[in-house]
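Written out below as structure tokens is the structure these notes cover.
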Ligand SMILES: [Mg+2]
Ligand SMILES: [Zn+2]
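In our numbering, the protein residues as written are 422 to 916.
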């Protein structure tokens, strides 16, 4: 009797389980999508605490306004054969990840940061100055002479543990974000031994970034490096930019006799993910071509590169790997104040994330998706649902006071001019090869801005960090950007 009543008390005290959840909205798409989102979060609660692999994906310049605009763009421009949707309800691939944090991006000496300082913070665990790659915040150029005192990077630590390291980017592979995986320089522009950056950077004593990539690191070098920037690796005599006569591609091939060097899409597409030896792919002398302008026969897409990279790292690094994948040219679209290219690059980045998520086991691979910093693009006005995200604002039916409206429904400013949803705080009014005298939905249109500058600038507000996999639960709240390093170290079990 006593035992019975104890059991009954336990039953009464237990929280209600499986009580009916009833509503007339069962067939509403918002309700159904909400239930699916809940199921995904429940699945993420019980991940293991140790990651075998970590993949850090960086959309360069992909601030929160860019994410919102790109999600609408992607819904309205889903690709051949797919119906145009309104867009606002769409989700980019990484927006479905269950853990999110806000990230404070400032550099140690700059309120609004650049890609060098921000990538350094993610790769070393400490912030540094704007324009500097993997130096401590107080270390100046002479620190090149004492490399043992420079911050250690995730890639260096991973190699010391016998893990693989890979890099994929759409920029020059010596550009700031990828360079922060393998290099240390007091000036991010010291990419190759070219005339443009001569005396001071040479005298400082740090090799140029292309040379550092080829010489990286204890434990066998980079397992995979795919991107652009070939001219920084080749001497002037071979059509490159190097004035020191060194052919770094030949040097890399001599260091890695079993390695695979490829320089175009056809060479890349016949590479086998399970063939032994490291891979170096340099598909353009400069940055890779914007996705919307890319010749598919000449250059692979970021999605293709990411798909190969994941399969390659899985085969080449059975103990685990660190892989950084960058959508590097969202930033370049914005610097031109050209939303079409910024958003189409963000769409391609999202597709690369989808490819990665489809090819990894989230119970052994931590996937982090973030931006290094924001841009000064805003989404404004009261456009109606489904209004072209690049277009002029067609006002929603009723709502707040919003100034005058043309008889066709276009929102007008105080000079009677139509306004676009997207605009910038600053940026160029004319860029060579691009014209502003075009409809706003044209891919070459430069959006309106407040201040004319030769290049649109970065934005200083927080960016988002999305995560799933082991220790993704540590991605929460408002974080300093260098905490990303510490979460990666914890996921790998480095104490
Ligand atoms: Mg970058
Ligand atoms: Zn930038």
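For each residue, glycine too, the CB sits at the ideal point set by N, CA and C.
Owing to the predicted nature of the structure, the values given are computational and were not obtained by experimental measurement.
Rounded to whole angstroms, the separation of the alpha carbons of residue 497 and residue 809 is 7 Å. Contact check for residue 588 and residue 645: beta-carbon distance about 7 Å, within the 8 Å limit, so the pair qualifies. Residue 794 counts as buried, since at least 16 other C-beta atoms from the protein chains shown sit within 10 angstroms of its C-beta. In this model, residue 669 and residue 650 are separated by some 12 Å (Cα to Cα). Taking 8 Å as the upper bound for CB-CB distance, residue 476 and residue 788 are in contact here, some 5 Å apart. Residue 682 is positioned such that its CB atom lies no closer than 7 Å to that of residue 662. Ranked by Cα distance from residue 844, the options 536, 868, 641 and 538 are led by 868.
Between residue 724 and residue 690, the CB-CB gap reaches or exceeds 7 Å. Between the beta-carbon of residue 479 and that of residue 901 there is about 16 Å, and that puts the pair past the 8 Å contact cut.
The beta carbons of residue 768 and residue 495 sit closer together than 7 Å. In this structure, residue 754 has its CB at a distance of at least 6 Å from all heavy atoms of ligand 1.
Secondary structure at residue 900: strand, using DSSP grouped into helix, strand and coil.
In the three-state DSSP reduction, residue 541 falls in the helix class (H, G or I). For the alpha helix (DSSP H) assignment, the uninterrupted runs of no fewer than 4 residues enclosed by the stretch 685 to 732 are, from N- to C-terminal side, 686 to 690.
Taking 7 Å as the cut-off, the beta carbon of residue 686 is found no closer than this to the beta carbon of residue 712.
DSSP lists no beta-bridge partner residue for residue 736. Residue environment: residue 827 is assigned as exposed (fewer than 16 neighbouring CB atoms within 10 Å of its CB, all protein chains considered).
Within the chosen limit of 6 Å, ligand 1 reaches the beta carbon of residue 481 through at least one heavy atom.
Residue 575 sits close to residue 544, with the two beta carbons spaced by under 7 Å.
By the neighbour-count definition (other C-beta atoms within 10 Å, threshold 16), residue 568 is an exposed residue.
Taking a C-beta distance under 7 Å as the contact criterion, residue 493 and residue 508 qualify as a contact pair.
Assigned with DSSP and collapsed to three states, residue 831 falls in strand. Within 10 angstroms of the beta-carbon of residue 791 lie 16 or more other beta-carbons, which makes it buried. In this structure, the C-beta of residue 549 stays at least 6 Å away from each heavy atom of ligand 1. If you compare the alpha carbons of 502, 488, 825 and 752 with that of residue 535, the shortest gap goes to 752. In the three-state reduction of the DSSP assignment, residue 743 falls in the strand class, which pools E and B.
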